[in-house]
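Heads up, the thing below is written out as structure tokens.
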């Protein structure tokens, strides 16, 4: 089965995530969380990356980033994932898969749609019931921004948050907002206006994410009834046939029986 295309073009905002293998826990304690944040900072020092938001959860993580150049996102994430797996195996003594596979990245339009993605990411722990207020989750960018603390440099210049941002994050998202974002996560589709999504999917080779899932439905064969003119009578066509068949059978069928046997009805005026 071919792999789904994964965008890595520069100068786009991306919602990036990955989950533990089999949805198992990846971050077991504070040390695991803090080490991953330090790796994000180290990856950014190696390859500049605008980190706009994040939220680390027990079994997965969300990042919102904006790479400068084509290919930066793939290289940045490859180093981050590889470094984390080495650290995880060394600390926990495991040898199997840590993550479920390749990371997922979904382009987001850098307008109000990006703010919706940031709200979704930063309220993840609150939505999961891990904290009573989103800003209390120590392993999210909302906590880091509110307390100006942590190893990761949060970029708030590209998409500034207003004074009511924390209140907005704590306010529940509508079912429509959640459904659209979850569709983007499930299918890997860009997130934005209809025209922007179409243009971005074409530019980044993500057209398949916009097509309906599954095989196209087969068209059912329809039985088209054959209309026979009421003046039509098969006698004229069957008479020669009966004449030829009569010598071949011991008891020749009458013309009427043969018509009935062949499913024909003769209408007489």
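Numbering (full-length UniProt numbering), first residue to last: 1 to 269.
Cβ coordinates follow ideal geometry from the N, Cα and C atoms, glycine included.
Please read all numbers here as calculations on a predicted model, not as lab measurements.
Cα-Cα separation between residue 2 and residue 186, rounded to whole angstroms: Per-residue confidence for residue 2 stands at a pLDDT of 41, beneath the threshold of 50, marking its modelled position as unreliable; no derived number is given.
Could you tell me if residue 141 is buried or exposed, where buried requires 16 or more neighbouring beta carbons within 10 angstroms of its beta carbon? buried
Worksheet item: Taking just the CA atoms, how far does residue 56 sit from residue 63?
Response: 8 Å
- [ ] Please state whether DSSP places residue 108 in a helix, a strand or coil.
- [x] strand
### 6 Å CB neighbourhood of residue 79 in its chain, flanking five on each side removed
43
Report task. Within the UniProt domain "Transposase IS200-like" (9-124), note down every full alpha helix (DSSP H) run reaching 4 residues or more, in order along the chain. Result -> 30-46, 72-92 and 112-122
Could you compute how far the alpha carbon of residue 112 sits from the alpha carbon of residue 24? 33 Å
Next item on the list: Run the CB neighbour count on residue 22, radius 10 Å, all protein chains shown included, and call it buried at 16 or more, exposed below.
Entry: exposed
*Three-state secondary structure (DSSP) at residue 158?*
coil
ask   = Do you know how far the Cα of residue 107 is from the Cα of residue 15?
value = 6 Å
| task | Put residue 140 into one of helix, strand or coil per three-state DSSP. | result | strand
_Please return the same chain residues whose Cβ sits closer than 7 Å to the Cβ of residue 155, not counting the five positions on each side in sequence._
50, 51 and 52
Problem - Cβ neighbour criterion (16 or more within 10 Å) applied to residue 67 - result: buried
Cβ pair residue 122, residue 134 closer than 7 Å = yes
Could you compute how far the alpha carbon of residue 174 sits from the alpha carbon of residue 93?
42 Å
message = Would residue 60 and residue 19 be called neighbours here (beta carbons separated by less than 7 Å)?
response = yes
>> What does the alpha-carbon distance come out to for the pair residue 147 and residue 139?
In response: 12 Å
Run the CB neighbour count on residue 188, radius 10 Å, all protein chains shown included, and call it buried at 16 or more, exposed below. buried
Original post:
Do you know whose CA, among 85, 26 and 167, lies nearest residue 95's CA?
Top reply: 85
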